[in-house]
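First the structure, in the form of structure tokens, and then the observations on it.
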Amino acid sequence: MSTTIAPERAPLRTAPKPAATIPAPPRPGGPGGLRAKKLRSRVLLAFGALLLVAMGVIWTRPEPVDVEVGTISRGDLRVTVDEEGMTRVHDRFVVAAPVAGRLQRIALEEGDRVAAGDVVASIAAAPLDARTARQGDARVAAAEAAVAQARARASQAQAAHAQALREAARARTLAGAGAISESAREQAELAEATALRDWQAARAAVRTAAAELSGARAALADASPATVGVATVTEVRSPVAGRVLRVPERSERAVAPGAPLVELGDARALEVTADVLSTDAVRIRPGMPVLIEEWGGGPALRGRVRTVSPAAFTKVSALGVEEQRVRVFADLDAAPAALGDGYRVEARIVVWEGRDVVKVPVSALFRTGGEWSVFVLDARRARLRSVRIGQRGEAEAEVAGGLRPGERVVLYPSDKVKDGVKVRVR
């Protein structure tokens with residue numbers, strides 16, 4: 001019996017599961033790569049645009065303007081006219097030479113005290129020589145002869161007048177009796193009036209000749225035999241008590257009548273003169289208080305306006321501008337001993353004073369159109385505001401409306417400060 005051997009079956013194999021499909025990266029030249037590249041470009045552009053916008057905002061954002069501020073306050077206000085002035089002795093006396101001659105050296109110094117009647121200078125008259133004396137004698141003799149002649153003529157005129165007077169009396173008597181005509185009477189009266197005038201003229205000639213004789217004798221008085229060749233000295237005395245302010249020339253020299261010799265005055269009686277603008281002078285009245293500062297001493301000196309000159313004069317300023325100035329005179333209440341004549345001072349003339357008024361610094365004011373305006377500080381921003389101003393002083397002005405005490409305003413506003421701009425206080 002045959003044995004059949006079955007063929008051996010091969011084992012079953014299970015097919016492996018397919019692995020997860022991973023998409024291959026897109027090729028650069030494929031459609032997927034182009035879309036990714038565009039997306040990245042758009043993101044970068046958007047980011048760059050946002051960055052530029054942010055930088056532009058930061059760059060163009062205005063920086064706060066640095067400003068100085070002041071505060072609106074309440075208190076006293078004084079309006080003054082300030083000008084440079086000069087001290088001056090109130091009563092100044094210039095002693096002049098009364099005669100011509102040679103002035104002897106003046107021994108007085110500036111600042112010396114003199115009493116009324118003290119000798120301040122001596123003038124030696126020029127001595128007369130013999131020739132001049134003989135000429136003087138001749139002039140005296142001629143004057144005496146003229147006097148004698150005038151008196152003789154006066155005697156003749158007197159006699160002629162007496163005769164004319166008698167003739168006129170007889171003519172009136174005869175005319176009354178009808179012996180002569182009225183015309184003859186009138187001629188006799190006319191002759192009497194003419195003779196009277198001649199007599200009066202002769203007497204005047206006698207007085208004239210006598211005056212000339214007195215002058216000739218006076219000119220010859222210093223030429224007497226005892227004084228010929230000797231100079232006479234004229235003493236010049238002080239008219240008042242005071243101090244010597246100035247000696248124009250101390251040396252010996254020849255002077256003419258009227259030449260100034262010494263200036264005298266009382267240095268304790270000082271006044272202050274100041275040249276103010278004519279536009280300020282119209283506000284100044286006599287009696288207004290004056291403060292004298294920068295005189296080199298301690299506190300300010302006080303005084304009162306005595307007078308304001310009624311006439312102005314033209315003065316050229318340091319900038320070459322012609323100004324109309326008016327001189328103001330003020331008397332000091334008490335002058336210190338250190339202050340003298342011709343000293344420089346600063347005069348502040350008080351033209352207005354206010355008590356408990358609202359004040360704003362003048363440096364905060366400026367004009368907008370025809371109104372005064374300020375920048376008020378409001379939450380770190382400057383706000384433009386119109387205000388009404390009353391009296392205005394050098395540093396502060398009176399507020400008539402528009403501001404309240406305690407508010408802060410911008411001082412010295414520049415062109416960068418606008419309405420609503422953000423500011424930063426220094």
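Under this note's numbering, the residue at position 169 of the sequence shown is numbered 169, and the numbers go up by one with no gaps.
All residues carry an ideal CB built from backbone N, CA and C; glycine is no exception.
Collapsed DSSP secondary structure at residue i in the structure displayed
i, result
"Glu-186", "helix"
"Lys-418", "coil"
"Ser-41", "helix"
"Asp-91", "coil"
"Ala-400", "strand"
"Thr-368", "strand"
"Arg-424", "strand"
"Gly-215", "helix"
"Glu-353", "strand"
"Val-409", "strand"
"Ala-96", "strand"
"Val-228", "Per-residue confidence for Val-228 stands at a pLDDT of 43, beneath the threshold of 50, marking its modelled position as unreliable; no derived number is given."
"Val-79", "strand"
"Val-114", "strand"
"Ser-73", "strand"
"Val-282", "coil"
6 Å CB neighbourhood of residue i in its chain, flanking five on each side removed
i, result
"Leu-165", "Glu-192"
"Arg-92", "Gly-265"
"Asp-198", "Ala-157"
"Ala-254", "Arg-102"
"Leu-270", "Thr-87, Leu-332, Ala-335"
Distance between residue j and residue i (C-alpha atoms, nearest Å)
i, j, result
"Gly-215", "Thr-132", "15 Å"
"Asp-356", "Leu-264", "48 Å"
"Thr-307", "Pro-289", "12 Å"
"Arg-113", "Gly-242", "6 Å"
"Glu-346", "Arg-304", "14 Å"
"Gln-427", "Ser-183", "In the structure as shown, the chain starts at 1 and stops at 426, and residue 427 therefore has no counterpart that could be examined."
"Arg-383", "Val-376", "5 Å"
"Ala-36", "Leu-44", "12 Å"
"Gly-320", "Thr-314", "12 Å"
"Arg-285", "Val-81", "12 Å"
"Asp-341", "Pro-361", "37 Å"
"Val-233", "Val-276", "48 Å"
"Ala-312", "Val-94", "26 Å"
"Ala-115", "Leu-213", "39 Å"
Cβ separation of residue i and residue j, assumed to be a contact under 8 Å, to the nearest whole Å
i, j, result
"Glu-189", "Ala-160", "Contact doesn't hold; Cβ gap of about 15 Å is too wide."
"Arg-380", "Lys-422", "6 Å"
In DSSP terms, what residue i is bridged to
i, result
"Ala-274", "Gly-85, Val-328"
"Glu-323", "Lys-315"
"Gly-101", "Val-255"
"Glu-346", "Glu-84, Glu-293"
"Asp-378", "Arg-381"
"Asp-66", "Arg-424"
"Val-120", "Looking at the DSSP assignment, Val-120 forms no beta bridge with any residue, so it has no partner."
"Leu-264", "Phe-93, Val-244"
"Gly-303", "Val-290, Leu-332"
Same chain only: Cβ atoms within 7 Å of residue i, ignoring 5 sequence neighbours per side
i, result
"Ala-300", "Leu-291, Ile-292, Glu-293"
"Ser-251", "Arg-105"
"Arg-78", "Val-350, Glu-353, Gly-393"
"Val-247", "Ile-106, Leu-108, Glu-110, Val-262"
"Arg-153", "Ala-202, Ala-205"
Chain-order list of residues whose beta-carbon lies under 8 Å from that of residue i (same chain, five-residue window excluded)
i, result
"Asp-427", "The first residue shown for the chain is 1 and the last is 426, placing residue 427 beyond what the model contains."
"Arg-408", "Val-69, Gly-70, Thr-71, Ile-72, Val-376, Leu-377"
"Thr-194", "Ala-164"
"Glu-322", "Thr-314, Lys-315, Val-316"
"Val-99", "Ile-123, Ala-125, Thr-234, Pro-257"
"Leu-245", "Val-89, Arg-92, Glu-110, Glu-263, Leu-264, Gly-265, Ala-267, Asp-341"
Residue-level contact to chain B via CB, residue i, 8 Å cutoff
i, result
"Gln-156", "In the structure shown, chain B cannot be found, because there is only a single protein chain."
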